[in-house]
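For the sequence shown, the numbering used here begins at 8 and goes up steadily by one.
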Amino acid sequence: MVQSSVKQMKFQYYLFQSLLLTGFAIFLATTPVVGKQVEVIDAESRNSSSDAKASLHQKSSPKISTSPSVSIKLVQSPVPSAPSSSEISAITSVRLETTDKGLEVFLGTTAAETLQLVNRSQGNSYIVEIPNAQLRLASGENTFRQENPAKGITEVTVINQNANTVQITVTGTSGLPTAELFDSDESLIIGLTPVAESAQQPTTEPTTEPEQPTTQTEPTTEPEQPTTQTEPTTEPEQPTTQTEPEQPTAEVDDPIELVVTATRTEEDVTNIPRSVTVITREEIEKQSATTNDIGDILGRTVPGLGPPNSLNRAGNAQTLRGRPVSILIDGVPQQGNSFVNTQLEYISPDAIERIEVVRGPTAVFGQGASGGVINIITRKPTTQGFTSTAQIGINAAAGGDAFLGENSFGNYLQYGFSGKDGIFDYVFSISRNSVGGFFDASGDRIPSNNATSDDTVSANILGKIGLDIGKDQRLQFTVNRGNNSRNINFIADPVTRTIPGLQRTRALRQEQEYQGTDTPRITSTSVNLSYTNDAIFGSSKLQAQAYYRSSEELGVARDDRGRFADSINRFRSEEEVFGGRLQIQTPLSSSVSLLWGSDYERQQEGATRQELFDPVAFDAGSGDRRVLRQIGEQVYYPAFDLSGLGLFAQFQWDASEQLILSGGLRHERFNFSVDEFTPLFDDNFDPYVGPSVAGGELDFSDTVFNIGTVYKVTPEVSVFANFAQGYSVPQLFRVLNFLPPGFSLDRDVRFLQPQKVDNYEIGIRGNWNNVQTTIAGFFNYSALGLSSRGQPDGTIQYIRAPQRNYGIEATIDWQASSNWKLGSSFTWTEGEDDQNEDGDFNALRTLEVQPLKLTAYVENQTTPGWRNRLQLLYVGNRDRGFEAGSDFVKIQDYIVVDYISSFQIGLGSLEVGVQNLFNSRYSSVFSQAGGGLDELLNNYERGRTLSVNYRVSW
Numbered sequence: 008m009v010q011s012s013v014k015q016m017k018f019q020y021y022l023f024q025s026l027l028l029t030g031f032a033i034f035l036a037t038t039p040v041v042g043k044q045v046e047v048i049d050a051e052s053r054n055s056s057s058d059a060k061a062s063l064h065q066k067s068s069p070k071i072s073t074s075p076s077v078s079i080k081l082v083q084s085p086v087p088s089a090p091s092s093s094e095i096s097a098i099t100s101v102r103l104e105t106t107d108k109g110l111e112v113f114l115g116t117t118a119a120e121t122l123q124l125v126n127r128s129q130g131n132s133y134i135v136e137i138p139n140a141q142l143r144l145a146s147g148e149n150t151f152r153q154e155n156p157a158k159g160i161t162e163v164t165v166i167n168q169n170a171n172t173v174q175i176t177v178t179g180t181s182g183l184p185t186a187e188l189f190d191s192d193e194s195l196i197i198g199l200t201p202v203a204e205s206a207q208q209p210t211t212e213p214t215t216e217p218e219q220p221t222t223q224t225e226p227t228t229e230p231e232q233p234t235t236q237t238e239p240t241t242e243p244e245q246p247t248t249q250t251e252p253e254q255p256t257a258e259v260d261d262p263i264e265l266v267v268t269a270t271r272t273e274e275d276v277t278n279i280p281r282s283v284t285v286i287t288r289e290e291i292e293k294q295s296a297t298t299n300d301i302g303d304i305l306g307r308t309v310p311g312l313g314p315p316n317s318l319n320r321a322g323n324a325q326t327l328r329g330r331p332v333s334i335l336i337d338g339v340p341q342q343g344n345s346f347v348n349t350q351l352e353y354i355s356p357d358a359i360e361r362i363e364v365v366r367g368p369t370a371v372f373g374q375g376a377s378g379g380v381i382n383i384i385t386r387k388p389t390t391q392g393f394t395s396t397a398q399i400g401i402n403a404a405a406g407g408d409a410f411l412g413e414n415s416f417g418n419y420l421q422y423g424f425s426g427k428d429g430i431f432d433y434v435f436s437i438s439r440n441s442v443g444g445f446f447d448a449s450g451d452r453i454p455s456n457n458a459t460s461d462d463t464v465s466a467n468i469l470g471k472i473g474l475d476i477g478k479d480q481r482l483q484f485t486v487n488r489g490n491n492s493r494n495i496n497f498i499a500d501p502v503t504r505t506i507p508g509l510q511r512t513r514a515l516r517q518e519q520e521y522q523g524t525d526t527p528r529i530t531s532t533s534v535n536l537s538y539t540n541d542a543i544f545g546s547s548k549l550q551a552q553a554y555y556r557s558s559e560e561l562g563v564a565r566d567d568r569g570r571f572a573d574s575i576n577r578f579r580s581e582e583e584v585f586g587g588r589l590q591i592q593t594p595l596s597s598s599v600s601l602l603w604g605s606d607y608e609r610q611q612e613g614a615t616r617q618e619l620f621d622p623v624a625f626d627a628g629s630g631d632r633r634v635l636r637q638i639g640e641q642v643y644y645p646a647f648d649l650s651g652l653g654l655f656a657q658f659q660w661d662a663s664e665q666l667i668l669s670g671g672l673r674h675e676r677f678n679f680s681v682d683e684f685t686p687l688f689d690d691n692f693d694p695y696v697g698p699s700v701a702g703g704e705l706d707f708s709d710t711v712f713n714i715g716t717v718y719k720v721t722p723e724v725s726v727f728a729n730f731a732q733g734y735s736v737p738q739l740f741r742v743l744n745f746l747p748p749g750f751s752l753d754r755d756v757r758f759l760q761p762q763k764v765d766n767y768e769i770g771i772r773g774n775w776n777n778v779q780t781t782i783a784g785f786f787n788y789s790a791l792g793l794s795s796r797g798q799p800d801g802t803i804q805y806i807r808a809p810q811r812n813y814g815i816e817a818t819i820d821w822q823a824s825s826n827w828k829l830g831s832s833f834t835w836t837e838g839e840d841d842q843n844e845d846g847d848f849n850a851l852r853t854l855e856v857q858p859l860k861l862t863a864y865v866e867n868q869t870t871p872g873w874r875n876r877l878q879l880l881y882v883g884n885r886d887r888g889f890e891a892g893s894d895f896v897k898i899q900d901y902i903v904v905d906y907i908s909s910f911q912i913g914l915g916s917l918e919v920g921v922q923n924l925f926n927s928r929y930s931s932v933f934s935q936a937g938g939g940l941d942e943l944l945n946n947y948e949r950g951r952t953l954s955v956n957y958r959v960s961w
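This is how it looks when you write it as structure tokens:
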């Protein structure tokens with residue numbers, strides 16, 4: 008009876024928690040937001056309050072030209088009573104299209120004819136305010152921002168200024184754009200003509216009579232023609248360089264997508280001679296409807312990257328093109344050379360603006376990117392006013408016997424704000440993610456281990472403040488803090504190892520209580536100060552960055568008695584990193600530019616310690632409780648320092664409108680130092696009995712090259728090719744244990760040598776009005792690779808030998824209509840090494856080279872406020888590793904289908920996500936390959952999981 012009462016109380020607690028979260032979501036959805044209404048008046052007529060309201064007409068009607076010479080002033084007026092929801096017009100989509108004159112902004116609405124606009128300017132920004140309207144995008148973000156959508160336009164933003172006003176801001180690069188307004192049956196359209204950089208800016212001297220904003224309400228027989236008269240007139244003054252407006256062309260291009268990771272400077276992705284994937288804010292929000300795990304999101308959206316493994320947050324089975332990947336946050340490297348391998352846990356998805364992935368070896372950002380670079384770019388401030396965002400969500404198992412089980416509930420809370428006040432701007436985001444227990448498709452509990460993220464509580468804080476120093480200089484300070492803690496309630500039953508044959512592990516209830524040490528956790532702190540100057544040495548652009556980062560990981564204790572470690576133990580590791588970057592982009596001519604600079608980083612890797620626990624206290628635990636009383640520790644890997652200096656130069660030559668050439672070189676110098684130490688084990692995995700290893704220093708240096716070209720066959724089709732070298736220091740902690748007696752740093756330097764990877768790639772891109780496609784093939788080779796092999800006793804042997812990887816990647820996206828989107832991606836990668844260096848290459852293990860991966864999606868905008876998406880993940884078989892002796896098992900294929908739905912409710916959106924929609928029972932790549940090495944890792948993946956989130960911006 009007592010157990011039943013306790014269980015009922017727990018269920019009531021989770022039910023109360025769910026009702027509380029749901030009530031809070033409804034409160035956010037129904038609470039009105041009070042704002043200020045603005046009106047535009049002429050600077051000369053301060054005693055009048057003429058509205059700059061413009062009634063719009065059909066596209067055949069004359070367009071309304073807005074002169075950038077209008078002088079305006081913003082004043083506060085009383086807040087009117089809020090209109091009813093039936094009186095507010097919804098803007099359900101924002102679309103940008105380039106024209107031969109500049110840019111058009113399409114605001115999707117069925118009430119375009121009835122909307123009235125208030126327009127004004129501020130500096131280089133043209134601002135339109137639409138009263139009695141609300142931005143209600145299907146994504147639920149309710150904030151739209153596109154940087155560099157067209158030449159001469161720096162940014163376009165669309166936000167909800169208050170509960171009943173939409174604000175559109177268009178910022179020109181070198182001056183105020185000229186705007187033209189007109190409508191269609193389904194859109195309000197703003198045509199924008201940017202100021203040419205060499206054009207003379209129009210004067211703003213007052214005319215003889217106060218200048219009034221355009222208030223045209225009826226079509227005229229003829230549009231007013233601009234005049235070149237410079238004397239004062241009684242008519243509104245027009246720019247002297249303005250010509251007669253032209254209708255937009257029928258053929259338009261997509262907005263320019265700029266990336267910074269591939270070249271370290273902003274560059275149109277179509278001009279980059281290598282494979283690049285950009286995950287936008289919109290895509291991150293879609294995927295986070297089913298999971299907040301960034302590794303899972305990347306695995307579903309990035310070709311070449313290993314498939315998602317929800318039971319493996321350490322990323323051990325997610326290589327990029329079969330090699331390790333470098334992870335950056337705002338350009339700052341996140342992984343050092345230590346035992347910590349959970350960098351994607353350091354930041355929440357809601358703190359991310361976009362993710363850029365460079366696929367394939369590269370040295371553009373320094374060492375470590377033998378497989379490529381994942382650069383996580385954090386949220387940027389809004390350019391006008393103050394904007395808040397909030398999200399609340401719950402999730403639970405929804406498959407088998409665990410359907411909405413009390414132990415499976417998790418919740419997510421997030422709040423953030425951003426804005427701009429004069430020369431200052433700011434971003435702040437705080438989130439808390441509580442993850443419940445994991446259950447497979449049958450409803451059985453999945454046990455916890457170091458790789459899983461069940462029963463964890465993660466908190467993330469991001470803060471940014473920026474200062475504009477004039478029009479050319481900027482200073483920005485960023486802090487990111489992540490903390491992940493957990494309680495262990497279920498472990499993998501050690502009895503599984505004693506049953507003959509390959510067994511699927513099972514969960515054993517065991518509540519761990521740590522004494523004399525801390526509970527398992529992962530922490531990370533990153534501080535970043537950056538400075539930019541866009542006009543140094545005349546026309547050069549300078550970027551400088553200084554950063555500090557620290558991280559610590561305390562693992563989950565394991566009972567390894569009777570195995571290699573023969574103890575109850577866990578690992579603790581920590582590191583500190585200091586670094587800086589300096590780069591200058593210098594135009595050598597109108598078509599040639601040079602980027603040059605240097606990077607420096609020093610990593611202080613603390614000793615990786617193995618904590619030991621009292622077996623007597625552990626065995627004496629009562630019931631499900633186990634006491635982990637620390638009785639000692641030993642140094643598993645010694646502390647060491649690693650510093651690196653890189654000098655680089657990179658050029659780009661736009662040889663013609665069709666041909667782009669680029670190339671560069673980078674010289675790297677490394678210094679490795681370690682104090683005297685004694686390994687725990689020798690190379691036969693026996694206790695080390697030789698003399699201690701003398702400390703010392705080692706210096707390495709090398710120069711790597713890259714060259715690439717893009718040729719645009721047609722405006723829609725381009726081909727690219729590149730040769731690039733990557734350079735990386737192996738994880739040195741792996742070779743500072745299991746050493747032969749008499750090991751010497753100076754003599755046995757081969758194990759410590761960095762590896763250089765030569766990469767060859769060729770590809771084709773196609774970008775039509777409603778179809779985008781890419782295909783690329785690659786081959787890379789390293790004379791001194793780094794791979795590993797599992798041993799029957801559970802240990803890992805690390806191998807330095809020639810290694811080659813090769814593969815094919817393809818993507819296609821099709822916007823079949825305004826309501827339907829479809830797409831797919833294909834990845835096939837293989838890798839081999841030559842351990843005997845006799846020319847006979849054998850397949851690498853599957854934890855390093857993942858099987859074939861196929862993704863597909865279909866998305867439908869069912870109604871203006873309701874979007875639905877189905878997405879599929881297929882992972883193929885892989886036998887080659889087993890046949891070569893690299894894997895202990897053959898990898899079996901599996902299919903997973905997810906469902907995502909978004910409903911527009913109030914100012915925000917309700918998102919429903921179902922992961923593993925059909926409740927498939929399968930094991931991921933990591934569980935299969937890792938389970939062959941240690942049966943305690945041989946788990947089924949999570950069954951059907953239901954998530955409900957409400958996201959709102961105001």
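Glycine residues also receive a C-beta, built at the ideal position from the N, C-alpha and C atoms.
Backbone secondary structure at residue i - three-state DSSP
| i | result |
| --- | --- |
| Lys-293 | helix |
| Val-202 | coil |
| Ala-409 | helix |
| Ser-415 | helix |
| Leu-940 | helix |
| Ala-458 | coil |
| Leu-305 | helix |
Expected contact under 8 Å - CB spacing of residue i and residue j to nearest Å
| i | j | result |
| --- | --- | --- |
| Phe-655 | Arg-673 | 4 Å |
| Pro-722 | Thr-99 | At roughly 30 Å, the Cβ-Cβ gap does not stay under 8 Å, so Pro-722 and Thr-99 are not in contact. |
| Ile-166 | Glu-111 | Their Cβ separation, rounded to whole angstroms, is 19 Å, which puts Ile-166 and Glu-111 out of contact at 8 Å. |
| Leu-859 | Trp-835 | 5 Å |
| Asn-139 | Ile-95 | 6 Å |
When the options are compared against residue i, the one with the closest alpha-carbon
| i | options | result |
| --- | --- | --- |
| Thr-952 | Asp-447, Ile-430 and Asp-428 | Asp-447 |
| Ala-119 | Tyr-521, Phe-189 and Gly-814 | Phe-189 |
| Ala-646 | Phe-620, Glu-768, Thr-685 and Asp-631 | Thr-685 |
| Ile-907 | Gly-888, Leu-879 and Asn-491 | Leu-879 |
| Ile-806 | Gln-611, Val-711 and Leu-739 | Leu-739 |
| Asp-626 | Glu-518, Gly-508, Gly-545 and Val-865 | Glu-518 |
| Ser-128 | Asp-525, Glu-136 and Val-309 | Glu-136 |
| Val-865 | Gly-838, Leu-759 and Ser-824 | Ser-824 |
Where residue i falls, given that 16 or more other Cβ within 10 Å makes a residue buried
| i | result |
| --- | --- |
| Leu-312 | buried |
| Asn-787 | buried |
| Lys-158 | exposed |
| Lys-763 | buried |
| Leu-635 | buried |
| Arg-632 | exposed |
Sequence-distant residues of the same chain with beta carbon closer than 8 Å to residue i, five excluded per side
| i | result |
| --- | --- |
| Thr-869 | Asn-826 and Asn-875 |
| Asn-923 | Gly-406, Ala-448, Val-903, Val-904, Asp-905, Glu-948, Arg-949, Gly-950, Arg-951 and Thr-952 |
| Gln-732 | Pro-368, Ala-370, Val-711, Phe-712, Asn-713, Lys-763, Val-764, Asp-765 and Asn-766 |
Contacts around residue i, its chain only, beta-carbon distance under 6 Å, and the 5 residues preceding and following it disregarded
| i | result |
| --- | --- |
| Gln-391 | Thr-176 |
| Lys-1047 | Outside the displayed span of the chain (8 to 961) sits residue 1047, for which this structure offers no information. |
is_contact[residue i, chain C] using C-beta, thresh 8 Å
| i | result |
| --- | --- |
| Tyr-422 | Any reference to chain C falls outside this structure, which holds one protein chain only. |
Proximal residues to residue i (C-beta, below 7 Å), its chain only, five neighbours per side dropped
| i | result |
| --- | --- |
| Leu-589 | Ala-551, Gly-604 and Ser-605 |
| Leu-327 | Gly-311, Leu-312, Arg-366, Gly-378 and Gly-379 |
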